[in-house]
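Participant: With our numbering applied, the sequence shown has no gaps in its numbers, which climb one by one up to 1479 at the end. Built from N, CA and C at the ideal position, the CB exists for glycine as well. Here it is, the structure in full.
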Amino acid sequence: TSIVFEDVQNMDDYLVHYWFGMSKEDFRNILLETPRLANMHRGSTALAAFLMKLRNGDSGDRISLSFQVPRNEIAQRHLLIPNGLFGGTEREGERRPIIIVYGTYIYCNKSANYSYQKKTYSLHKYRNLVKPFLFVCFDGYIIEILGPYPAVTSDADIINNEFGNPESTLRQYFQEGDVFILDRGFRDAVPLLQNCNYSVHMPSTLQDDENQLSTLEANKTRAVTICRWVVDVINGIFKQRFKIFRHEFNNRASPHVMIDFSIAAALINRFRPPLTDRFDAAQILEIIHQKMFQTNTLSEFIIQNNYNRRRAQFLNINVDNSNVSEFSQL
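Shown next as structure tokens:
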């Protein structure tokens, strides 16, 4: 569980000593006797991070995990429909975080460097690009950005790489039962996430012997896609507000592409109003619950009578003939 160090004085004494190797009084004295920290925004957090590194010797990535957005804040950023469909029951008084995970694109120039050109050319987009990887709440708040990844790296490979190590920061941050909303590009990563006891929801895919989804699977797919509109909104905000990401990123500037992208994300988090529920969200959620397990009588009728497998002879329809007697005349 992430720990918020903004108010060290309200932490338990044993926790303060465990993390910093000193008492709360010592911590307060350092903060008050260092004017630069006392006048700094979140100076207490900066001091806590430094003392924590001295105390534990952890890497910067590992330490940063403890200063991320608190899990309860993520859980409070749900919208009504996603929480009603995938939130489930509260466990130990805590709501489950529900996260959208997706990769976006930053287009870049062609390169004379063969290795760089090969890794950044996408056979899907037919353009050169790199892929930032985002974790987003349903109100549009961006939790984390990873990358950039080469264009040839699939979304599933990124997830397997980031969650494959039990000691990774993401594995330490997310807990069992947390909910991930994915698209079909992550299907090869679903077994790993499920083995980590995460709740994974993704649009269904056709099996080898299927030519269309069952009614229930189609309904579950719609329940996922109705929640993923947040992805398009956030991508649109990046491209609309920051022209640099609408066009090809100059290769000379590629070493700091993720710094620029992360700064843009921070500006979006700080100044963009959060996304809110539409006025009829409760009615939509009720309709979804009512019709989720409703049978498709038309589909069953067609299958039972083999109408979808019959061969029909083509007839030229002409009003002068009697082959349209089953239709009413206007």
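In three-state terms, what does DSSP make of Phe1287?
Facilitator: Locating residue 1287 in the sequence shown gives position 138, where the first residue counts as 1. Coil, per DSSP.
Participant: Report, in whole angstroms, the separation of the C-beta atoms of Arg1226 and Phe1287, which I expect to be a contact under 8 angstroms.
Facilitator: For the purposes of this step, residue 1226 is taken as the residue at position 77 of the sequence shown. For the purposes of this step, residue 1287 is taken as the residue at position 138 of the sequence shown. About 6 angstroms separates the two Cβ atoms, so the contact holds.
Participant: Going by alpha carbons, who is nearest to Leu1342 out of Ser1303, Ala1431, Thr1364, Pro1315?
Facilitator: Against the sequence shown, residue 1342 aligns to sequence position 193. Ranking the options by Cα distance to Leu1342, first place goes to Pro1315.
Participant: What's the gap between the Cα of Pro1423 and the Cα of Leu1228?
Facilitator: The residue you call residue 1423 lines up with position 274 of the sequence shown. The residue you call residue 1228 lines up with position 79 of the sequence shown. Near 10 angstroms, if we compare the C-alpha coordinates of Leu1228 and Pro1423.
Participant: Would Asn1400 and Tyr1290 qualify as a contact pair, given that the criterion is a beta-carbon distance under 8 angstroms?
Facilitator: To locate residue 1400, count along the sequence shown from 1; it is residue 251. To locate residue 1290, count along the sequence shown from 1; it is residue 141. Taking 8 angstroms as the Cβ cut-off, Asn1400 and Tyr1290 do not qualify as a contacting pair.
Participant: Along the chain, which unbroken stretches of the beta strand (DSSP E) at least 3 residues long are found entirely within the region 1244-1270?
Facilitator: With a minimum length of 3 residues, the continuous beta strand (DSSP E) runs that stay inside the region 1244-1270 are 1247-1252.
Participant: Decide if the region 1301-1309 is in contact with the region 1332-1340; the criterion is three or more beta carbon pairs, one per stretch, under 8 angstroms apart.
Facilitator: Verdict: yes, contact present.
Participant: Which complete alpha helix (DSSP H) runs does the region 1341-1392 hold, if anything under 4 residues is left out?
Facilitator: As far as the region 1341-1392 is concerned, its whole alpha helix (DSSP H) runs of at least 4 residues are 1364-1374, 1378-1390.
Participant: Do the region 1357-1368 and the region 1439-1450 meet, that is, are 3 or more Cβ pairs less than 8 angstroms apart?
Facilitator: Segments in contact, yes.
Participant: In the DSSP assignment, what are the bridge partners of Glu1435?
Facilitator: Mapped onto the sequence shown, residue 1435 falls at position 286. None, per the DSSP bridge assignment.
Participant: Spatial neighbours of Ile1433 within its chain, please: C-beta separation below 7 angstroms, excluding the five flanking residues on both sides.
Facilitator: Working through the sequence shown from its first residue, we reach residue 1433 at position 284. Correct list, in chain order: Ile1230.
Participant: How many whole angstroms separate the CB atoms of Ala1275 and Phe1398, which I take to be in contact at a CB cut-off of 8 angstroms?
Facilitator: As a first step, residue 1275 is located in the sequence shown; it is residue number 126 there, counting from the start. As a first step, residue 1398 is located in the sequence shown; it is residue number 249 there, counting from the start. Correcting the residue type first, residue 1275 is Tyr in the shown sequence and not Ala. The pair is not a contact, with the Cβ atoms about 17 angstroms apart (cut-off 8 angstroms).
Participant: Expressed to the nearest angstrom, what Euclidean distance is found between the alpha-carbon atoms of Asn1277 and Ile1408?
Facilitator: If you number the sequence shown from 1, residue 1277 lands on position 128. If you number the sequence shown from 1, residue 1408 lands on position 259. Answer to the nearest angstrom: the Cα atoms are 19 angstroms apart.
Participant: Identify the residues that DSSP records as bridge partners of Arg1395: which are they?
Facilitator: As a working mapping, residue 1395 is identified with position 246 in the sequence shown. DSSP lists no partner for Arg1395.
Participant: What are the residues that DSSP puts in a beta bridge with Phe1235?
Facilitator: By 1-based counting over the sequence shown, the position of residue 1235 is 86. Looking at the DSSP assignment, Phe1235 forms no beta bridge with any residue, so it has no partner.
Participant: Tell me whether Arg1185 is buried or exposed, calling it buried when 16 or more other Cβ atoms sit within 10 Å of its Cβ.
Facilitator: To locate residue 1185, count along the sequence shown from 1; it is residue 36. Label assigned to Arg1185: exposed.
Participant: Please name the residue, chosen from Phe1410, Glu1435, Ser1403, Asp1426, that lies closest to Val1379 on a Cα-to-Cα basis.
Facilitator: The residue labelled residue 1379 in the question sits at position 230 within the sequence shown. Closest by alpha carbon: Asp1426.
Participant: Suppose the cutoff is 6 angstroms on Cβ atoms and the five residues either side in sequence are ignored; what does the same chain contact list for Leu1234 look like?
Facilitator: For this step, residue 1234 is matched to residue 85 along the sequence shown. Cβ within range, chain order: Ala1372.
Participant: Taking the C-alpha atoms as reference points, what is the distance between Glu1311 and Leu1319?
Facilitator: On the sequence shown, residue 1311 is found 162 positions in, with the first residue counted as 1. On the sequence shown, residue 1319 is found 170 positions in, with the first residue counted as 1. Their backbone Cα atoms lie some 7 angstroms apart in a straight line.
Participant: In angstroms, rounded to a whole number, what distance separates the CA positions of Asn1159 and Glu1174?
Facilitator: On the sequence shown, residue 1159 is found 10 positions in, with the first residue counted as 1. On the sequence shown, residue 1174 is found 25 positions in, with the first residue counted as 1. Going by the C-alpha atoms only, they are around 12 angstroms apart.
Participant: Identify, in the order they occur along the chain, each residue of the same chain with its Cβ nearer than 8 angstroms to the Cβ of Gly1236, setting aside the five sequence neighbours on each side.
Facilitator: The count along the sequence shown starts at 1 and reaches residue 1236 at position 87. Excluding positions up to five away in sequence, the list reads His1227, Arg1244, Arg1245, Ile1247, Val1328.
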